[in-house]
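**Q** Quick one: the structure is below, and I'll ask about it shortly.
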Amino acid sequence: MTGTIFRVARASVHDGPGLRTTIFLKGCPLRCQWCHSPESQQPRPQLAVHDERCLVCGTCLPGCEHGAIEEEEKGYHTDFGRCRACGACVARCPSGARELVGRVVGVDELLKEIERDVVFFDESGGGVTFSGGEPLMQPAFLEAMLTTCRARGLHTAVDTCGMAEPATFARVAPLADLFLFDVKVIDDRWHRHVTGASNHAILANLRWLCAEHRRVRVRFPLVPGLTDVGGNVERVGQLLASLGVQDLDLLPYHRAGLAKYDRLGFATAPTTLPVPSAADVDRAAQVLRDFGLAVQVGG
Ligand code: SF4
Ligand code: SF4
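When you line the sequence shown up against this note's numbering, it's residues 5 to 303, in that order.
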């Protein structure tokens, strides 16, 4: 049993109780306009090019059998449409300008990485969080990891965008101690516009988890004009109050991930989205608190 991951973050304090080791799985069914981890979207490993590290030595050029690297007047251009993420140029590059984002790991191998942090889990009441991307896009691997972690007595959390088959949720839910569940937009038409997909399955899965009395902590990204628009914050508060959700992380939009779009060969990046002001964040937090939610800003 193997899965494809793109990062392991140690000692995270934002992905559940205590100190966490967060495993980021590749692949996401949504395309949120504000996404700050575009490297999570594709399910397979992919090439990233850090132009600022390039020595313009040309060592990578003959390594590419797919014609994806071209010499230009001022350096070397990568045609991401031709790239097959074979990694040959990565191995040749002397400066680390080329990187494969994502690797395939086995359950036992990943468990060994996680177990290095058990002492921190024990001291802080922490554990393991499976995030992404969308971890439920690799359901068999996620189930295997959750089962293995549970057998070791580790606390587990699943950080999900909620978009998965109901049967997948039903299989995974008993194996996780906590769900970190993203809720973005309540109006379905607007949800399609800002994420590229309907929210019907997402909200149905959230309702099911809450009805099953699973531990759910909701995460709500605050993006002016996209999620903070037209009474959406109020509607999120209403829905969560009706479902008995108690805890919410309010996540103000930031621009930290913008440089990644260029490195990964995206044609465009969300460079014009506004960042919420402190007053925007305070107002949204108060609206949500008025619905009885315990709101933590950031997370
Ligand atoms: S990863 Fe492989 S296919 Fe892609 S540019 Fe490098 S050598 Fe070419
Ligand atoms: S091998 Fe690396 S440093 Fe040399 S031109 Fe290619 S990307 Fe730049």
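Glycine included, C-beta positions come from ideal geometry on N, C-alpha and C. It should be emphasised that the depicted structure is a prediction, and the values quoted were computed from it without experimental measurement.
Tell me the DSSP bridge mates of Q300?
**A** D253.
**Q** Look up D186 in the DSSP assignment and say whether it is helix, strand or coil.
**A** In the structure shown, D186 sits in a strand (DSSP, three-state: E or B).
**Q** So is the beta-carbon of L297 under 7 Å away from any non-hydrogen atom of ligand 1?
**A** Because no heavy atom of ligand 1 lies under 7 Å away, the Cβ of L297 does not count as near it: no.
**Q** Relative to the alpha-carbon of L182, which residue among L254, R223, L115, V123 has its alpha-carbon at the smallest distance?
**A** Answer by Cα proximity: R223.
**Q** Is P98 close to ligand 2? I mean its beta-carbon at under 7 Å from any heavy atom of the ligand.
**A** Within the cutoff, so yes.
**Q** Taking the C-alpha atoms as reference points, what is the distance between A298 and L150?
**A** C-alpha separation (whole angstroms): 27 Å.
**Q** With respect to 7 Å, is the separation between the Cβ of L104 and the closest non-hydrogen atom of ligand 2 below this value?
**A** Incorrect: L104 has no Cβ contact closer than 7 Å to ligand 2.
**Q** Of the choices V132, T272, G157, G7, whose alpha-carbon is the least far from that of H18?
**A** If we check each option's Cα against that of H18, V132 comes out closest.
**Q** Under the assumption that A288 contacts L254 (Cβ atoms under 8 Å), give the Cβ distance between them as a whole number of angstroms.
**A** Contact flag correct, Cβ pair sits at about 6 Å.
**Q** Starting from A13, trace the beta strand (DSSP E) in both directions and tell me its first and last residue.
**A** Looking at the DSSP string, the run of the beta strand (DSSP E) that includes A13 is 6–16.
**Q** Within this structure, are the beta carbons of M5 and A174 separated by less than 8 Å?
**A** Their beta carbons are not under 8 Å apart, which means M5 does not touch A174 by this criterion.
**Q** Counting C-beta neighbours from all protein chains within 10 Å, is the total for P225 16 or more, i.e. buried, or is it exposed?
**A** That one is buried.
**Q** What's the call for T275, buried or exposed, on a 16-neighbour Cβ count within 10 Å?
**A** Exposed is the call here.
**Q** Is the CB-CB distance between C32 and Q45 below 8 Å?
**A** Yes. Within cutoff.
**Q** Would you list the one or two residues that DSSP bridges to V109?
**A** V109 is bridged to G7.
**Q** Compute the minimum distance between the beta carbon of C64 and the heavy atoms of ligand 2, and state whether it is under 7 Å.
**A** Answer for C64: yes, Cβ within range of ligand 2.
**Q** Taking the alpha carbon of V233 as the point to measure from, which residue in V111, V198, Q142 has its own alpha carbon closest?
**A** V233 has its Cα closest to that of V198, out of V111, V198, Q142.
**Q** Which word fits P98, buried or exposed, when buried means at least 16 other C-beta atoms lie within 10 angstroms of its C-beta?
**A** Exposed is the call here.
**Q** State yes or no: is the C-beta of L59 nearer than 7 Å to some heavy atom of ligand 2?
**A** Checking every heavy atom of ligand 2 against the Cβ of L59, one is found closer than 7 Å.
**Q** Throw me the rounded Cβ distance for the L247 and G20 pair, which I believe falls under 8 Å.
**A** That belief does not hold up - the Cβ atoms of L247 and G20 are roughly 20 Å apart, past 8 Å.
**Q** I'd like the list of long-range same chain contacts for G22, defined as Cβ closer than 6 Å, with 5 residues on each side in sequence excluded.
**A** Answer for G22: S128, G129, G130, listed in chain order.
**Q** Measuring CB to CB, does M167 end up less than 8 Å from L34?
**A** Taking 8 Å as the Cβ cut-off, M167 and L34 qualify as a contacting pair.
**Q** Compute the Euclidean distance between the alpha carbons of A13 and Y257, then round it to the nearest angstrom.
**A** Straight-line Cα distance between these residues: approximately 21 Å.
**Q** Alpha carbon to alpha carbon, how far is A148 from S135? Give it in angstroms, no decimals.
**A** C-alpha separation (whole angstroms): 15 Å.
**Q** Please list, following the chain, all residues that have a C-beta closer than 6 Å to any non-hydrogen atom of ligand 1.
**A** This selection yields L51, G67, C68, H70, A72, I73, T82, C87, R88, A89, C90, G91, A92, C93.
**Q** Hey, how far is the Cα of A155 from the Cα of E74?
**A** A155 and E74: Cα-Cα distance of roughly 51 Å.
**Q** State the Cα-Cα distance for the pair G100 and R57, rounded to the nearest angstrom.
**A** The alpha-carbon atoms of G100 and R57 are separated by roughly 7 Å.
**Q** A95: beta carbon under 7 Å from a heavy atom of ligand 2?
**A** Because no heavy atom of ligand 2 lies under 7 Å away, the Cβ of A95 does not count as near it: no.
**Q** Give the secondary structure of D309 by DSSP, where H, G and I count as helix, E and B as strand, and everything else as coil.
**A** There is simply no residue 309 to check, as the chain begins at 5 and stops at 303 in what is shown.
**Q** Apply the 10 Å Cβ neighbour rule to A282 and answer buried if 16 or more other Cβ atoms are within range, or exposed otherwise.
**A** With fewer than 16 other Cβ atoms within 10 Å, it is exposed.
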